[in-house]
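Student:
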Amino acid sequence: MTIDLTQFHDAFFEESFEALDSMEAALLKLDIGAPDKELINTIFRVAHSIKGGSATFGFSDIASFTHSLETLLDELRSGTMQVTLAMSDLLLKSVDVMRAMLRAVQQKQPINAQRVSDLQFDLELMIAQKNSAPAAAVAAAPPAAPEPAAPIQTPVVDNSPKRWEISFRPYAELFSRGNDPLRMLRELAEMGQLETHADVSALPAFADLQPQSCYLAWNLVLTADATENAIRQVFEWAEGDCDLQIKLANGASQGASATTMEGAGPEVAPVADTATAEVLPIAVAPVPAAPTPAPVAAVAPAPVAPAPAAAAPQKDGAAPVATVADSGSIRVSVEKIDELMNTVGELVITQAMLSQLGSKLEGPTAEKLRGGLAQLERNMRELQESVMRVRMLPINVVFSRFPRMVRDLAQRLGKQVELKLTGEQTELDKTVLEKIGDPLVHLVRNSIDHGIEAPDKRTAAGKSAAGTVHLDACHRGGNIAVEVSDDGGGLDKNRILAKARDRGLVGPNDVLTDEQIYDLIFLPGFSTAEKTTDVSGRGVGMDVVRRNIKELGGKIELRSEHGKGSKTIITLPLTLAIVDGQSVSVGSETYIVPLISIVESMQLKAADVSRLSGRGEVFSFRGYYLPIVRLYEIFGVEPRTKVLDEGLVVVAEGEGHQRIGLFVDDLLGQQQVVIKSLEANYGHVEGVSGATILGDGSVALILDIPGLIRAMSMRAAA
Amino acid sequence: MSSNAPVKNGNGPGEESHQVLTFVLGNETYGVDILRVQEIRGWSAVTKIPHAPPHVLGVLNLRGSIVPIVDLRMRFALDRAEYTTVTVIIVVSVISATGGRRDFGVVVDGVSDVVDVNTAEVKAAPELGAKGATDYIRGLVPVSERMVVLLDIDRLIGSDMAAFSNNTEAEAASAA
Chain A
1 MTIDLTQFHD
11 AFFEESFEAL
21 DSMEAALLKL
31 DIGAPDKELI
41 NTIFRVAHSI
51 KGGSATFGFS
61 DIASFTHSLE
71 TLLDELRSGT
81 MQVTLAMSDL
91 LLKSVDVMRA
101 MLRAVQQKQP
111 INAQRVSDLQ
121 FDLELMIAQK
131 NSAPAAAVAA
141 APPAAPEPAA
151 PIQTPVVDNS
161 PKRWEISFRP
171 YAELFSRGND
181 PLRMLRELAE
191 MGQLETHADV
201 SALPAFADLQ
211 PQSCYLAWNL
221 VLTADATENA
231 IRQVFEWAEG
241 DCDLQIKLAN
251 GASQGASATT
261 MEGAGPEVAP
271 VADTATAEVL
281 PIAVAPVPAA
291 PTPAPVAAVA
301 PAPVAPAPAA
311 AAPQKDGAAP
321 VATVADSGSI
331 RVSVEKIDEL
341 MNTVGELVIT
351 QAMLSQLGSK
361 LEGPTAEKLR
371 GGLAQLERNM
381 RELQESVMRV
391 RMLPINVVFS
401 RFPRMVRDLA
411 QRLGKQVELK
421 LTGEQTELDK
431 TVLEKIGDPL
441 VHLVRNSIDH
451 GIEAPDKRTA
461 AGKSAAGTVH
471 LDACHRGGNI
481 AVEVSDDGGG
491 LDKNRILAKA
501 RDRGLVGPND
511 VLTDEQIYDL
521 IFLPGFSTAE
531 KTTDVSGRGV
541 GMDVVRRNIK
551 ELGGKIELRS
561 EHGKGSKTII
571 TLPLTLAIVD
581 GQSVSVGSET
591 YIVPLISIVE
601 SMQLKAADVS
611 RLSGRGEVFS
621 FRGYYLPIVR
631 LYEIFGVEPR
641 TKVLDEGLVV
651 VAEGEGHQRI
661 GLFVDDLLGQ
671 QQVVIKSLEA
681 NYGHVEGVSG
691 ATILGDGSVA
701 LILDIPGLIR
711 AMSMRAAA
Chain B
719 MSSNAPVKNG
729 NGPGEESHQV
739 LTFVLGNETY
749 GVDILRVQEI
759 RGWSAVTKIP
769 HAPPHVLGVL
779 NLRGSIVPIV
789 DLRMRFALDR
799 AEYTTVTVII
809 VVSVISATGG
819 RRDFGVVVDG
829 VSDVVDVNTA
839 EVKAAPELGA
849 KGATDYIRGL
859 VPVSERMVVL
869 LDIDRLIGSD
879 MAAFSNNTEA
889 EAASAA
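Protein chains in written order, with the numbering used here: chain A, 1 to 718; chain B, 719 to 894.
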């Protein structure tokens, strides 16, 4: 009976990636020296389930790697090894490698075997080092060592293969748990020489045979240079589904280690094992150049025991559990939600159409109809809001990548940086979330590279050696505000200005406000960094950040105080699916101007307008001259009026405070509109960011003010 | 919707006949592969798109998606007809070379019938005038004494649109 396992691949990958994220988060929270047991368990579980999954699906490279990782983690879990900085680095690297491997397998590309085997070697080296210095570890954990004499036996290296007698009696329902005894036997056979004796006594008559039940049992003799632990791991997945006895046959002294695994939880088993495992010399990997203190520790164990180690096992149970509570969620594909959104959008339009019709009817039933329609409208609004909420995710999804990044970056730059995250639970639309990640990464990098000073410089300035980078998110009106701030050196206004003058961006006598000076940072190719690092400083970046934010319909501003730090504030719409818009009319057409672009609407008198060398028209607005853009000319439609004082001018803002006066016939009303793609069936249209469907079912185009300004300046240049 | 099914346009050896939706434009009868037809609907006012080629009249709301409307009379350089309540829009899906699907509405004078076309009876269109002028014609087939012009929708509208969006891309590139 074969099942097509590929159908489960997607779920496996998705779950594994998520699990790796949580493993990474747990690793970062892990305190060196006094690790939280619950965190170690979390990490162990991830490695364990990825190993199991990849073995099931036949991704043997991943399974083999995770096996090594798991062995190391098991040592941590049982408290026989301590978490060191080197180890947490190694484990973080392992997360990266596992992610890369999973991605490679997912995309059916070759795995970078060199990287994997290098790291696997490092992992095994670390385990081996532990084994060469077991005395220190065991002495450090007195509760785990039943007899004080035990460690002394350890250094005796016994390289002769051992003879294990294994009695494996699976329960009938073994198969239904997805276990395959053949796989286990094969795995055992790989460890050494295996003699198998199948016990068929329980086999019923053919007519009574249930093909889904396991009637066989095995008596095995394995001659191999393996530990009991290693053997037990082969049967790990059958734990609780079988009676398992493992006995060492040739070494008389250790014969007592047989345990029955029935119902034995993973917590119990390893503890019992570690005592014996410690006694048994392990030579899984060749022991290369062990660290210097190892032999000494083996001879005189007690005095060198690291102090915090004893604390670890005692922390058990009292650990502050940081695991996320199961929120009872389900996994739904984004397409399904989009479909749902579309349908609801349609319903809203249909409902609006009905309401319009209903308002024209007369008579007693019409009154009732209107009542029903009003009810429908309320329900529709609620439904629409609920559906929108489905697409919302906490910003934590994006924030969670920063602890790792900040740690790595600070290490590389030799700086001390503390990351503070607040408002992680603030929710925003998934599409916005996906696009906000890169700009934020850039800003945080900038903060660490340029903002936070080196520790000695900080202490000299009277600040704490460790700098702080703070990421904050919160709702502000109908928008979401994300702030990246640091307590570093801040921006040097004079240097920025000097640089801008140097490059001719600012005239030598121009006086700029602070805001305008900081704005210079967003110009393409602008950088005041003294030296370019591989992290930042090439002058590519802030302009891209701003463009990305603008594309999301957001705003970005910078505040800074020299010597005290800087703060970047990003304001974003909650969702990309909806925009607050002002409807304007030009002739028979209706256009939507996003409210975020509108500064003011006004009526101009002919006297306010001056002509520039007979070509463009300008008018004075708050001390600046703005060009008048006649929408009908650009879009080629027949307007109701071409006379300026008969229509209205909407002052709209594009990128970087570029403003225009948009001449339209009339303002209609403000409303939230659902954005529809024009590109799906047609293509990009200059000055138009999308389309929407109005209450009467007709289509209105949504204006793209920055695009419109760009198009205009192009035309002017041509 | 049937459009998601793989559609073969070629005259494969096993393919004997297929169904074609025929419509009238001026004095001629044209036909499109029925599998490409999404919907037939009456005329309603469209929203104009700026900078669009003249035969692209504008866009319409087709159950929530924004669909461009092409006037086939203008595309074929025929006399323009008034849009009335009996003017018909056939919504077809165009599949580009890259496999992407786009929906388009084409304005025609009227829809006639669905006919079975025997592949063997399809005649190649003669070369007329400039090279490539008849590229979008898959062939000619007689149906009850009349000649039906079978259209290759992908070429007719797809190439049109590809050229158009390439233009805008080039413009955008030069702007950057």
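The beta carbon of each residue, even a glycine, is placed where N, CA and C say it ideally should be. Only a predicted model underlies this, so the values are computations on that prediction, with no experimental measurement involved.
#1: Would you mind reading off the limits of the alpha helix (DSSP H) that contains A:P455?
#2: Is there at least one Cβ from chain A nearer than 9 Å to B:P786's Cβ?
#3: Is the CB of A:I578 under 9 Å away from at least one CB in chain B?
#4: Does A:M81 come out as helix, strand or coil in the three-state DSSP assignment?
#5: Please confirm if the segment 51-67 of chain A is in contact with the segment 430-441 of chain A, defined as three or more CB-CB distances below 8 Å between the two stretches.
#6: Tell me whether the beta-carbon of A:I598 lies closer than 9 Å to the beta-carbon of A:V651.
#7: Should A:S677 be flagged as near chain B, meaning a C-beta pair shorter than 9 Å?
#8: Hey, is A:V650's beta-carbon within less than 9 Å of any beta-carbon in chain B?
#9: At the level of alpha carbons, what is the spacing between A:P313 and A:H475?
#10: Under 8 Å, with one C-beta from each stretch per pair, do the segment 666-675 of chain A and the segment 616-626 of chain A reach the 3-pair mark?
#11: Should B:I767 be flagged as near chain A, meaning a C-beta pair shorter than 9 Å?
#12: Just list the residues that DSSP pairs A:D486 with in beta bridges.
#13: Determine, using beta carbons only, whether A:F635 comes closer than 9 Å to chain B.
#14: Any C-beta of chain A within less than 8 Å: which residues of the segment 815-842 of chain B qualify?
#15: Is any beta-carbon of chain A found at less than 9 Å from that of B:R873?
#16: Within 9 Å (strictly less), CB to CB, does B:N745 reach chain A?
#17: Is the beta carbon of A:M712 sitting closer than 9 Å to the one on A:I675?
#18: What's the C-alpha gap between B:G782 and B:D797?
#19: So, using beta-carbon positions, are B:G828 and B:V804 closer together than 9 Å?
#20: In whole angstroms, what is the alpha-carbon distance linking A:L29 and A:R169?
#21: Could you check what DSSP says for A:Y591 in three-state terms: helix, strand or coil?
#22: At what residues does the beta strand (DSSP E) containing A:N219 begin and finish?
#23: Using the beta-carbon count (16 or more within 10 Å), is B:Y748 buried or exposed?
#24: Does the separation of the CB atoms of A:F121 and A:S94 fall below 9 Å?
#25: Residues in the same chain with beta-carbon distance under 8 Å from A:L119, minus the five sequence neighbours each way, listed in chain order, please.
#26: If the cut is a Cβ gap below 9 Å, which residues of chain B does A:L701 touch?
#27: Name the DSSP bridge partner or partners of A:Y624?
#28: Establish whether the CB of B:P782 and some CB of chain A are separated by less than 9 Å.
#29: A:L393 and A:E424 look like a contact to me (Cβ under 8 Å); what is the Cβ gap, rounded to whole Å?
#30: Near B:V898, what residues of its chain come up, given a Cβ to Cβ distance below 8 Å and the 5 sequence neighbours on each side ignored?
#31: According to DSSP, is A:H684 helix, strand or coil?
#32: Starting from the C-beta of A:K497, find all residues in its chain whose C-beta is less than 6 Å away, skip the five residues before and the five after it, and write them out in chain order.
#33: Under DSSP, the alpha helix (DSSP H) around A:P639 begins and ends at which residues?
#34: Just reading off the alpha helix (DSSP H) that A:S22 is part of, what are its end residues?
#35: Who are the near neighbours of A:P320 in its chain, counting only those whose CB is closer than 8 Å to its CB and skipping five residues on each side?
#36: Enumerate in chain order the residues of its own chain whose CB-to-CB distance from A:L188 is below 6 Å, with the five nearest sequence positions on each side excluded.
Tutor: This is what the structure holds:
#1: The residue given as residue 455 of chain A occupies position 455 in the first sequence. Segment P455 to A460, the alpha helix (DSSP H) holding A:P455.
#2: Along the second sequence, one-based indexing puts residue 786 of chain B at 68. B:P786 counts as touching chain A.
#3: Your numbering for residue 578 of chain A matches position 578 in the first sequence. So no, A:I578 is outside the interface.
#4: Position 81 of the first sequence holds residue 81 of chain A. Looking at A:M81 - three-state DSSP - the assignment turns out to be coil, as it is neither helix nor strand.
#5: no
#6: Residue mapping note: residue 598 of chain A aligns to position 598 of the first sequence, counting from 1. Residue mapping note: residue 651 of chain A aligns to position 651 of the first sequence, counting from 1. Yes, they are a contact pair.
#7: To locate residue 677 of chain A, count along the first sequence from 1; it is residue 677. Cβ-Cβ to chain B under 9 Å: yes for A:S677.
#8: On the first sequence, residue 650 of chain A is found 650 positions in, with the first residue counted as 1. A:V650 does not count as touching chain B.
#9: Translated into the one-based positions of the first sequence, residue 313 of chain A becomes position 313. Translated into the one-based positions of the first sequence, residue 475 of chain A becomes position 475. Caution applies to A:P313, whose pLDDT of 41 falls short of 50 and renders its modelled position unreliable; the value that the coordinates give is listed next. Whole-angstrom Cα-Cα distance: 43 Å.
#10: No: fewer than three Cβ pairs fall under 8 Å.
#11: The residue labelled residue 767 of chain B in the question sits at position 49 within the second sequence. It does: the Cβ of B:I767 has a partner Cβ on chain A nearer than 9 Å.
#12: Walking along the first sequence from the start, residue 486 of chain A turns up at place 486. Per DSSP, A:V469 and A:S566.
#13: Translated into positions along the first sequence, residue 635 of chain A becomes position 635. Interface residue, yes.
#14: Those would be R820, D821 and F822, in chain order.
#15: In the second sequence, residue 873 of chain B corresponds to position 155, counting from 1. No, no contact with chain A.
#16: Counting from 1 along the second sequence, the entry for residue 745 of chain B is found at position 27. No, its Cβ sits nowhere closer than 9 Å to a Cβ of chain A.
#17: Sequence index remark: in the first sequence, residue 712 of chain A carries index 712 (1-based). Sequence index remark: in the first sequence, residue 675 of chain A carries index 675 (1-based). Taking 9 Å as the cut-off, the beta carbon of A:M712 is found no closer than this to the beta carbon of A:I675.
#18: Working through the second sequence from its first residue, we reach residue 782 of chain B at position 64. Working through the second sequence from its first residue, we reach residue 797 of chain B at position 79. Approximately 32 Å between the Cα atoms of the pair.
#19: Along the second sequence, one-based indexing puts residue 828 of chain B at 110. Along the second sequence, one-based indexing puts residue 804 of chain B at 86. Contact annotation: B:G828 and B:V804 have beta-carbon atoms nearer than 9 Å.
#20: Taking the first residue of the first sequence as 1, we reach residue 29 of chain A at position 29. Taking the first residue of the first sequence as 1, we reach residue 169 of chain A at position 169. It should be pointed out that residue 29 of chain A corresponds to Lys in this sequence rather than to Leu. The straight-line gap from Cα to Cα measures roughly 42 Å.
#21: In the first sequence, residue 591 of chain A corresponds to position 591, counting from 1. In the structure shown, A:Y591 sits in a strand (DSSP, three-state: E or B).
#22: What you label residue 219 of chain A is simply residue 219 of the first sequence in a count that begins at 1. That run of the beta strand (DSSP E) goes A217 to A224.
#23: On the second sequence, residue 748 of chain B is found 30 positions in, with the first residue counted as 1. Buried, since its Cβ has 16 or more Cβ neighbours within 10 Å.
#24: Working through the first sequence from its first residue, we reach residue 121 of chain A at position 121. Working through the first sequence from its first residue, we reach residue 94 of chain A at position 94. Not closer than 9 Å, so no.
#25: Position 119 of the first sequence, counted from the first residue, corresponds to residue 119 of chain A. Contacts found: F65, L90, K93, S94 and V97.
#26: Start at 1 with the first residue of the first sequence, and residue 701 of chain A comes out as number 701. Under the 9 Å cutoff, chain B gives T765, K766, I767, P768 and V777.
#27: In the first sequence, residue 624 of chain A corresponds to position 624, counting from 1. DSSP lists A:F621 as partners of A:Y624.
#28: Here residue 782 of chain B is taken as the residue at index 64 of the second sequence, counted from 1. Just to set this straight, residue 782 of chain B is Gly in the shown sequence, not Pro. True, the Cβ-Cβ gap to chain A drops below 9 Å.
#29: As a first step, residue 393 of chain A is located in the first sequence; it is residue number 393 there, counting from the start. As a first step, residue 424 of chain A is located in the first sequence; it is residue number 424 there, counting from the start. Incorrect: roughly 11 Å between the Cβ atoms, too far for contact.
#30: In the structure displayed, chain B extends from 719 to 894; residue 898 of chain B sits before or after that span and is not available.
#31: Here residue 684 of chain A refers to the residue found at position 684 when the first sequence is read from its first residue. In the structure shown, the three-state DSSP call for A:H684 is coil.
#32: As a first step, residue 497 of chain A is located in the first sequence; it is residue number 497 there, counting from the start. Residue 497 of chain A is actually Leu in this sequence, not Lys. Excluding residues within five positions, the ones whose Cβ falls inside 6 Å are I517.
#33: Numbered from 1 along the first sequence, position 639 holds the residue referred to as residue 639 of chain A. From DSSP, A:P639 is part of no alpha helix (DSSP H); its letter is neither H nor E.
#34: Mapped onto the first sequence, residue 22 of chain A falls at position 22. Per DSSP, A:S22 belongs to the alpha helix (DSSP H) from H9 to K29.
#35: By one-based count along the first sequence, residue 320 of chain A stands at place 320. Because the pLDDT of A:P320 is 42, which lies under 50, any placement of that residue in the model is unreliable, and the number read from its coordinates should be weighed accordingly. Hits under 8 Å: D36 and E38.
#36: Residue mapping note: residue 188 of chain A aligns to position 188 of the first sequence, counting from 1. Cβ within range, chain order: L194, L222 and V234.
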